[in-house]
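0 is the number of the first residue of the sequence shown in numbering that gives the first Met the number 0; add one for each residue after it. Ideal placement from N, C-alpha and C gives every residue a C-beta, glycine not left out. Some notes on the structure that comes next.
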Amino acid sequence: MSSFREETYALEAKLSPIVKQAIEFSKTSTEGRTFKPLPATSSFSLIDAEASTKSQWNETGLEAISKGEVGVILMAGGQGTRLGSSSPKGCYNIGLPSQKSLFQIQAEKLSKVQELANKKYNTSAKIQWYIMTSKPTRVATENFFEENKFFGLDKSQITFFNQGTLPCFDKNGEKILLESESAIAESPDGNGGLYKAIYTNGLLNDFKSKGIKHIHMYCVDNVLVRVADPVFLGFSISNNFDLATKVVRKRDATESVGLIVLDADNNKPAVIEYSEISKELMEQVDESGLLSFRAANIVNHYYSVELLNERITHWIDNQEFLPFHIAYKKIPSLNDQGVFHKPIEPNGIKLEQFIFDVFKDIPLNKFGCLEVERSEEFSPLKNASGAKNDTPETSVQNYLNLGTKWIKAQDALLSDDAKVEVSSLTSYAGEGLEFVKGKTLENLQII
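Rendered as structure tokens:
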């Protein structure tokens with residue numbers, strides 16, 4: 000027997016019981032559990048926060064950046080397959096007047112907030128940017144940054160690292176599917192694979208050597224993301240949270256989004272999927288007339304490095320904190336006759352881990368949830384043109400709408416339907432635009 004076959008059988012023997020456990024877990028994971036909204040001590044809203052509170056958080060965040068204590072993790076392992084592109088999603092040009100890619104928009108936001116912090120505190124700190132890629136996207140991502148001269152950032156402040164992979168199994172969870180006679184079929188290990196990737200790629204040591212104490216993590220497909228957001232950082236630092244998450248308000252009771260909630264059985268934060276709560280709870284309103292369960296998960300987190308140092312090895316070695324979840328998929332692989340084929344029906348299981356499953360390890364007093372305004376901070380690119388939501392067109396529209404709102408607040412002169420693109424290098428979050436007061440701006444002008 001070949002060593003490859005022996006290794007495959009050994010891997011099957013090790014993982015098959017866990018996969019079967021995941022199959023059962025998928026059927027029963029929320030049965031009998033009681034969910035409540037997060038208490039006011041853990042949940043805050045920027046939508047109705049006092050200006051003085053926002054300003055204080057902003058200053059605290061900028062100060063941490065100026066001290067070199069902030070690192071940013073970007074999850075960018077996905078390809079733009081749904082958008083008709085095989086390139087990394089971050090390379091995608093969404094169609095702004097400037098023709099900027101998602102990577103460029105985000106690099107420039109990082110550059111701008113770094114500039115704001117250093118100017119305020121008379122420092123020259125750099126925000127370290129850790130970009131998680133995947134096997135199919137790593138080379139193309141690095142090449143894209145090289146070709147674009149790292150979008151004006153120092154090459155030394157950018158680190159690329161790969162997320163891991165997991166074997167694909169048959170539908171019963173017993174046999175590993177093969178890509179060839181000498182290779183198993185694999186798939187990315189999900190956003191929960193971030194924790195193992197941080198550990199195995201030596202990022203904890205890098206954080207220590209660079210004096211990084213605070214991590215902001217986000218996903219590449221959000222055109223409105225505030226990279227290294229000083230308000231979010233300040234909110235988390237001021238409240239001494241170990242882990243915090245941003246949320247947006249659900250559009251309506253039927254919007255299909257995951258929700259940040261309190262698992263009342265263990266008094267810990269949790270994320271539940273849209274399908275996991277009853278229609279009654281979905282439509283329940285509170286005393287202010289808002290949906291009780293309205294905190295929509297956007298996978299935008301703060302972590303203290305102290306927490307990661309203390310707990311990350313416990314998370315990655317323990318199915319309690321990072322259980323496998325299953326997805327039945329069409330997986331190109333060798334069939335029973337040993338012939339490679341591309342199935343037209345799901346023929347196997349892809350395993351993944353969810354980043355939020357570790358929330359149950361966080362004491363409630365160390366967990367924060369910050370509600371932000373959707374129109375200012377969240378417009379994901381998920382679908383190709385023609386879909387109802389989350390398309391290149393909606394991303395462009397929302398980006399231009401926000402910039403135009405900032406411009407109008409400064410009394411610039413615009414025709415009713417004119418839209419303006421505000422470069423991230425000009426303004427991070429609406430600041431520094433006084434120079435447009437009284438100026439006439441054209442439709443689709445870039446400033």
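Judging by CA-CA distance, which residue of D264, K278, V230 is the nearest neighbour of A252?
As a position in the sequence shown, residue 252 is number 253, starting the count at 1. In terms of Cα proximity to A252, the closest of D264, K278, V230 is K278.
With the cut-off set at 8 Å, would you say A34 and L333 are in Cβ contact?
Here residue 34 refers to the residue found at position 35 of the sequence shown. Here residue 333 refers to the residue found at position 334 of the sequence shown. One detail in the question is off: residue 34 reads as Phe in this sequence, not Ala. Not in contact: F34 and L333 (Cβ atoms no closer than 8 Å).
Measuring CA to CA, which of F231, L242, V421, K436 is closest to G60?
Taking the sequence shown and counting its residues from 1, the one referred to as residue 60 is at position 61. Per the Cα distances, F231.
Quick one: complete alpha helix (DSSP H) runs, 4+ long, within the region 265-320?
278-282, 304-315
With three or more beta-carbon pairs closer than 8 Å as the criterion, would you say the region 314-326 touches the region 347-365?
yes
Express the C-alpha separation of I104 and I452 in angstroms, rounding to a whole number.
Outside the shown range of the chain, which is 0 to 446, sits residue 452, and nothing can be said about it.
Specify, as a first and last residue, the run of the beta strand (DSSP E) that D469 falls within.
Past the boundaries of the shown model lies residue 469; the chain is included only from 0 to 446, so the question cannot be answered.
Write down the C-beta distance between V112 and A227 rounded to the nearest angstrom, noting that I regard them as a contact closer than 8 Å.
The residue labelled residue 112 in the question sits at position 113 within the sequence shown. The residue labelled residue 227 in the question sits at position 228 within the sequence shown. V112 to A227, Cβ: 5 Å. Contact.
Who are the near neighbours of T122 in its chain, counting only those whose CB is closer than 6 Å to its CB and skipping five residues on each side?
Position 123 of the sequence shown, counting from 1, holds the residue named residue 122. Excluding residues within five positions, the ones whose Cβ falls inside 6 Å are S65.
What's the C-alpha gap between S208 and Q127?
As a working mapping, residue 208 is identified with position 209 in the sequence shown. As a working mapping, residue 127 is identified with position 128 in the sequence shown. Answer to the nearest angstrom: the Cα atoms are 12 Å apart.
Residue interval of the alpha helix (DSSP H) (run including V247):
Here the question's residue 247 lines up with position 248 in the sequence shown. First-last for V247: 242-248, but that is the beta strand (DSSP E), not the alpha helix (DSSP H).
Three-pair Cβ contact test at 8 Å for the region 288-298 versus the region 237-256
In short, these stretches touch, since the Cβ pair count reaches three.
Are the CB atoms of L401 and L223 within a distance shorter than 8 Å?
Start at 1 with the first residue of the sequence shown, and residue 223 comes out as number 224. Start at 1 with the first residue of the sequence shown, and residue 401 comes out as number 402. Closer than 8 Å, so yes.
In three-state terms, what does DSSP make of T425?
As a first step, residue 425 must be located in the sequence shown, where it is residue number 426. It is coil, neither helix nor strand.
Between which two residues does the alpha helix (DSSP H) carrying K349 extend?
Locating residue 349 in the sequence shown gives position 350, where the first residue counts as 1. Run containing K349: none in the alpha helix (DSSP H); it sits in the beta strand (DSSP E), 347-351.
Around the C-beta of P379, are 16 or more other C-beta atoms found within 10 angstroms, so that it is buried, or is it exposed?
For the purposes of this step, residue 379 is taken as residue 380 along the sequence shown, with counting starting at 1. That one is buried.
Within the continuous beta strand (DSSP E) that includes N161, where are the two ends?
Position 162 of the sequence shown, counting from 1, holds the residue named residue 161. Element bounds for N161: 157-161.
So, at 6 Å on beta carbons, what are the nonlocal neighbours of Y217 in its own chain, with the 5 sequence-adjacent residues on each side left out?
Here residue 217 refers to the residue found at position 218 of the sequence shown. So the qualifying residues of the chain are V224, N299.
Is DSSP giving T253 helix, strand or coil here?
Within the sequence shown, residue 253 is the residue found at index 254, counting from 1. In the structure shown, T253 sits in coil (DSSP, three-state: anything other than H, G, I, E or B).
Between K53 and the rest of its own chain, which residues show a CB-CB distance below 8 Å, the 5 nearest in sequence each way excluded?
Against the sequence shown, residue 53 aligns to sequence position 54. Contacts found: L45, V230.
Could you pull out every residue in the same chain whose Cβ sits closer than 7 Å to the Cβ of G94, ignoring the five residues on either side in sequence?
Numbered from its first residue, the sequence shown carries residue 94 at position 95. Excluding sequence neighbours, G94 sits near P391, V395.
Quick check on E68: does DSSP put it in helix, strand or coil?
Position 69 of the sequence shown, counted from the first residue, corresponds to residue 68. If DSSP states are grouped into helix, strand and coil, E68 belongs with coil.
Straight-line gap, E158 to I311 (C-alpha atoms, nearest Å)
Residue mapping note: residue 158 aligns to position 159 of the sequence shown, counting from 1. Residue mapping note: residue 311 aligns to position 312 of the sequence shown, counting from 1. It is Thr, not Glu, that sits at residue 158 in the sequence shown. Answer to the nearest angstrom: the Cα atoms are 20 Å apart.
Can you tell me whether Q318 is buried or exposed, with buried defined as 16 or more other CB within 10 angstroms of its CB?
Position 319 of the sequence shown, counting from 1, holds the residue named residue 318. Note on Q318: under 16 other CB atoms within 10 angstroms of its CB, so exposed under the neighbour-count rule.
Residue from H340, R137, Y91 whose Cα sits closest to the Cα of G451
Any answer about residue 451 is impossible in this case: the structure gives the chain only from 0 up to 446.
Cβ contact check for the region 186-201 and the region 359-368: 3 or more pairs under 8 Å
no
For a test of the three-state rule: what should DSSP assign to F323, helix, strand or coil?
The sequence position of residue 323 within the sequence shown is 324, counting from 1. Correct three-state label for F323: coil.
Starting from F149, trace the beta strand (DSSP E) both ways and give me its first and last residue.
As a working note, residue 149 is residue 150 in the sequence shown. Note, F149: premise wrong, no beta strand (DSSP E); not H, not E.
Kindly confirm or deny that the region 148-162 and the region 191-206 touch, where touching means at least three C-beta pairs closer than 8 Å.
Segment contact: the region 148-162 against the region 191-206, three or more CB-CB distances shorter than 8 Å; contact assigned.
Going by DSSP in three states, S378 sits in which element: helix, strand or coil?
Translated into positions along the sequence shown, residue 378 becomes position 379. S378 falls in the coil class under three-state DSSP.
What does K328 pair with, by DSSP beta-bridge criteria?
Here residue 328 refers to the residue found at position 329 when the sequence shown is read from its first residue. Paired residues: G347.
When you compare each of A408, K328, N397, G385 to E376 by their alpha carbons, which one comes out closest?
Residue numbering aside, residue 376 sits at position 377 when the sequence shown is read from its first letter. That would be N397, whose Cα lies nearest to the Cα of E376.
Buried versus exposed call for V138 [16 or more other C-beta atoms within 10 Å across all chains shown]
Here residue 138 refers to the residue found at position 139 of the sequence shown. Exposed, because fewer than 16 other Cβ atoms sit within 10 Å of the Cβ of V138.
Would you report the Cα separation of W265 and I259, rounded to the nearest angstrom?
Looking up residue 265 in the sequence shown gives position 266. Looking up residue 259 in the sequence shown gives position 260. According to the sequence as given, residue 265 is Asn; it is not Trp. One C-alpha to the other measures close to 15 Å.
Please determine, among E275, I271, R32, E351, the residue with the shortest C-alpha to C-alpha distance to G191.
Reading the sequence shown from its first residue, position 192 is the one you call residue 191. It is E351.
Which parts of the region 162-222 are runs of the alpha helix (DSSP H), unbroken and 4 residues or longer, counting only runs that do not cross its ends?
193-199, 202-209
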